[in-house]
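Residue numbers (this note's numbering): 15 to 472. Note that beta-carbon positions come from the ideal geometry of N, C-alpha and C, so glycine has one too. On a predicted model such as this, the values are computed, not experimentally measured, just so you know.
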Ligand SMILES: NC(=O)c1ccc[n+]([C@@H]2O[C@H](COP(=O)([O-])OP(=O)(O)OC[C@H]3O[C@@H](n4cnc5c(N)ncnc54)[C@H](O)[C@@H]3O)[C@@H](O)[C@H]2O)c1
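Right, here's the structure in full:
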């Protein structure tokens, strides 16, 4: 039986892979093909060892792959055969030329637009899934429709709000799906096609629509607000450490105010992930472009506090470990930017590891899913670093443990045994406030949480 619709996704990454797997899983009547320029990535999507770790992803992929979900490197064929094309390529921060360190690098996006124009033989609906600066859809439409093409392309904005670590849950039961379109009759027709796809499993009242620029901007603003909450509580953690307050007690009291809410108020060593920093910098760049200096400075402060928090963590380690880390073995618990993912992009652990190596500490890194990425991230960094799968083995002979990722496995380790095998005095720096600090202190550890008084034996 022919498929009702042919959907293509360009970009088989953390967003393209899981989102398309979910569409295929929920909509067997559609054929969903995911293409990428990276043949190894595609080979992994076609294997039992998927390129990303995400709870529940395996089952969803296994149910749909080969039935109506396909992974391929044949971009030209994919474009020709499809009527709806999602674009989910990477949009990192530009590291060259004008706007370096701040603006979005749109080269992958631009190349994709040109490929779609080159290979298309029929009208298409193009869906922006990547996070993009405001007005990118307009630029894409211009690239697609310039020249003498008789084809029509409708560009929609459909930003992805999934969070790594809970991507499958978020895709299956999203808080909302946002679709931005031009407000012409044709734009609204295209929008309705996308609404119909999501309506296969998302309640209609959660599918919201807007003009295309509001949709593009909403994604940047959503990430800026989330990161702002983390930087806000992290800034208060610094004050708590000076004022003998406890940031978890403060966050609980503040978060119980229904106007504030309890989520995203955990103080930590800092936020990471591929999106928060780049999306805020993007917002800052746009504000500067429109000469809104005060607005730009306000949001840039969120990123500055995050940098400050990481540096504060390192300087505290250095100071309490008697102002020298040289030759001391230090174990990092976790390298991923958050629990339940192997993704290490912009993980605070990268900066902490590099700074510890600058201080000439000997690093031991352990993580249940991110060791391969950690090796890549620290390639070329000067210093001693070893990677040990088992956290108990990793800590043997260490002077200190620094918790970088809130993996729940770290909560239930045999810390008595760990303490026995560590060098003394033994330190724990809990960069995620997930451990039982009182119990660890009673075992003999010197414990340094974030945003609360340390528990020491000297
Ligand atoms: N990772 C997240 O949690 C998340 C959440 C929401 C939104 N986003 C946004 O989604 C977008 C993608 O992010 P990601 O994390 O999936 O990135 P990613 O780097 O994991 O994946 C992007 C993929 O696109 C491929 N690609 C690049 N140019 C291509 C081309 N011309 N043709 C075919 N394939 C091409 C790359 O090879 C790569 O596999 C970004 O804009 C990001 O900001 C990410």
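| said: In the DSSP output, which residue or residues are listed as bridge partners for residue 19? | reply: Here residue 19 refers to the residue found at position 5 of the chain shown. Its beta-bridge partners are 44.
| task | Measuring alpha carbon to alpha carbon, tell me which of 130, 87, 297, 366 ends up nearest residue 322. | result | Taking the chain shown and counting its residues from 1, one reaches residue 322 at position 308. Closest option to residue 322, judged by alpha-carbon separation, among 130, 87, 297, 366: 366.
| field | Rounded Cβ spacing between residue 280 and residue 447 (contact assumed at less than 8 Å) | value | In the chain shown, counting from the first residue as 1, residue 280 sits at position 266. In the chain shown, counting from the first residue as 1, residue 447 sits at position 433. Residue 280 to residue 447, Cβ: 7 Å. Contact.
| request: Note down the Cα distance separating residue 347 from residue 301, rounded to an integer number of angstroms. | output: For the purposes of this step, residue 347 is taken as the residue at position 333 of the chain shown. For the purposes of this step, residue 301 is taken as the residue at position 287 of the chain shown. The alpha-carbon atoms of residue 347 and residue 301 are separated by roughly 38 Å.
| For ligand 1, any of its heavy atoms closer than 7 Å to the Cβ of residue 52? | Here residue 52 refers to the residue found at position 38 of the chain shown. Yes, since a heavy atom of ligand 1 falls inside the 7 Å radius drawn around the Cβ of residue 52.
| Measuring CA to CA, which of 75, 291, 69, 43 is closest to residue 58? | Locating residue 58 in the chain shown gives position 44, where the first residue counts as 1. Of 75, 291, 69, 43, the residue nearest in Cα terms is 75.
| said: Any heavy atom of ligand 1 inside 7 Å of the beta-carbon of residue 214? | reply: What you label residue 214 is simply residue 200 of the chain shown in a count that begins at 1. Not so, every heavy atom of ligand 1 lies at least 7 Å from the Cβ.
| query | Does the beta-carbon distance from residue 269 to residue 276 come in below 8 Å? | reply | Translated into the one-based positions of the chain shown, residue 269 becomes position 255. Translated into the one-based positions of the chain shown, residue 276 becomes position 262. Yes, these two residues count as a Cβ contact at 8 Å.
| said: Given 7 Å as the limit, tell me if residue 229 has its C-beta closer than that to any heavy atom belonging to ligand 1. | reply: Position 215 of the chain shown holds residue 229. The answer is no for residue 229.
| field | Neighbourhood of residue 316 by C-beta, 6 Å cutoff - its chain only, sequence neighbours within 5 removed | value | In the chain shown, the residue the question calls residue 316 occupies position 302. Excluding residues within five positions, the ones whose Cβ falls inside 6 Å are 241, 242, 245, 294.
| Residue interval of the beta strand (DSSP E) (run including residue 415) | On the chain shown, residue 415 is found 401 positions in, with the first residue counted as 1. Segment 414 to 417, the beta strand (DSSP E) holding residue 415.
| query | Distance, Cα to Cα, residue 431 vs residue 32? | reply | For the purposes of this step, residue 431 is identified with residue 417 of the chain shown, where counting begins at 1. For the purposes of this step, residue 32 is identified with residue 18 of the chain shown, where counting begins at 1. Rounded to whole angstroms, residue 431 to residue 32 spans 40 Å at the Cα level.
| Taking residue 68 as the reference, which of 91, 178, 94 has the closest Cα? | For this step, residue 68 is matched to residue 54 along the chain shown. Comparing Cα-Cα distances from residue 68 to each of 91, 178, 94, the minimum goes to 178.
| request: Name the residue from 272, 168, 213 whose alpha carbon lies nearest to the alpha carbon of residue 226. | output: Counting from one through the chain shown, the residue named residue 226 turns up at place 212. Here the closest residue by C-alpha is 168.
| message | Distance check for residue 288 and residue 16, CA to CA, integer angstroms please. | response | Residue numbering aside, residue 16 sits at position 2 when the chain shown is read from its first letter. Residue numbering aside, residue 288 sits at position 274 when the chain shown is read from its first letter. When rounded, the distance between both Cα atoms is 38 Å.
| request: Could you name each continuous beta strand (DSSP E) segment of 3 residues or more that falls completely within the region 59 to 95, going from the start of the chain to the end? | output: 83 to 86
| Nearest-angstrom Cα distance between residue 274 and residue 410? | Taking the chain shown and counting its residues from 1, the one referred to as residue 274 is at position 260. Taking the chain shown and counting its residues from 1, the one referred to as residue 410 is at position 396. Cα-Cα distance, rounded: 43 Å.
| request: Please determine if the region 84 to 95 and the region 195 to 215 are in contact, where contact requires at least 3 C-beta pairs separated by less than 8 Å. | output: no
| query | Closest to residue 333 by CA distance: which of 320, 60, 373, 71 is it? | reply | Here residue 333 refers to the residue found at position 319 when the chain shown is read from its first residue. Comparing Cα positions, the closest option is 373.
| said: Is residue 24 near ligand 1 - that is, is its Cβ less than 7 Å away from at least one heavy atom of it? | reply: Here the question's residue 24 lines up with position 10 in the chain shown. Yes - ligand 1 has a heavy atom lying nearer than 7 Å to the Cβ of residue 24.
| task | Note down, one range per segment and in chain order, each beta strand (DSSP E) of at least 3 residues found wholly within the region 100 to 171. | result | 138 to 142, 167 to 171
| Would residue 283 pass as a contact of residue 327 if the rule is Cβ separation under 8 Å? | Along the chain shown, one-based indexing puts residue 283 at 269. Along the chain shown, one-based indexing puts residue 327 at 313. Yes. Within cutoff.
| Under a three-way DSSP split, which group does residue 52 fall into? | Walking along the chain shown from the start, residue 52 turns up at place 38. DSSP places residue 52 in coil when its eight states are reduced to three.
| Residues in its own chain within less than 6 Å of residue 20 by CB, not counting five upstream and five downstream? | Position 6 of the chain shown, counting from 1, holds the residue named residue 20. Counting only Cβ-Cβ distances below 6 Å, and skipping sequence neighbours, we find 45, 95, 96, 97.
| query | Exposed or buried, residue 319, counting other C-beta atoms within 10 Å across all chains shown (16 or more means buried)? | reply | What you label residue 319 is simply residue 305 of the chain shown in a count that begins at 1. Counting Cβ neighbours within 10 Å, residue 319 comes out buried, since at least 16 surround it.
| query | Should the region 151 to 167 be called in touch with the region 305 to 314, which here means at least 3 C-beta pairs below 8 Å? | reply | no
| Hey, which unbroken runs of the alpha helix (DSSP H) at 4 residues or more fall wholly within the region 271 to 357? | Taking only runs of at least 4 residues, the alpha helix (DSSP H) segments lying wholly in the region 271 to 357 are 290 to 303, 307 to 334.
| task | Have a look at residue 54 and residue 469 and give me their C-alpha separation to the nearest angstrom. | result | Numbered from its first residue, the chain shown carries residue 54 at position 40. Numbered from its first residue, the chain shown carries residue 469 at position 455. Taking the straight line from one Cα to the other gives about 48 Å.
| field | Anticipated Cβ contact below 8 Å, residue 444 with residue 462, distance rounded | value | As a working note, residue 444 is residue 430 in the chain shown. As a working note, residue 462 is residue 448 in the chain shown. Indeed, because the Cβ distance is near 7 Å, the residues count as touching under 8 Å.
| Can you tell which of 99, 234, 413, 441 has the C-alpha that lies nearest to the C-alpha of residue 299? | For this step, residue 299 is matched to residue 285 along the chain shown. Answer by Cα proximity: 234.
| query | Thinking C-beta only, is residue 272 closer than 8 Å to residue 261? | reply | The residue labelled residue 261 in the question sits at position 247 within the chain shown. The residue labelled residue 272 in the question sits at position 258 within the chain shown. Not a contact, by the Cβ cut-off of 8 Å.
| said: At 4 residues or longer, what runs of the alpha helix (DSSP H) sit wholly inside the region 216 to 274? | reply: 226 to 257, 261 to 269
| request: Reducing DSSP to helix, strand and coil, say where residue 379 ends up. | output: Looking up residue 379 in the chain shown gives position 365. Three-state DSSP puts residue 379 in a strand.
| Start-end ranges of the beta strand (DSSP E) lying completely within the region 390 to 429, minimum 3 residues | 399 to 401, 414 to 417
| query | Does the beta-carbon of residue 133 have 16 or more other beta-carbons within 10 angstroms, so that it is buried, or is it exposed? | reply | Position 119 of the chain shown, counting from 1, holds the residue named residue 133. The residue in question, residue 133, is exposed, as its Cβ has fewer than 16 Cβ neighbours within 10 Å.
| query | Does DSSP put residue 462 in a helix, a strand or coil? | reply | In the chain shown, the residue the question calls residue 462 occupies position 448. Residue state, collapsed to three classes: strand.
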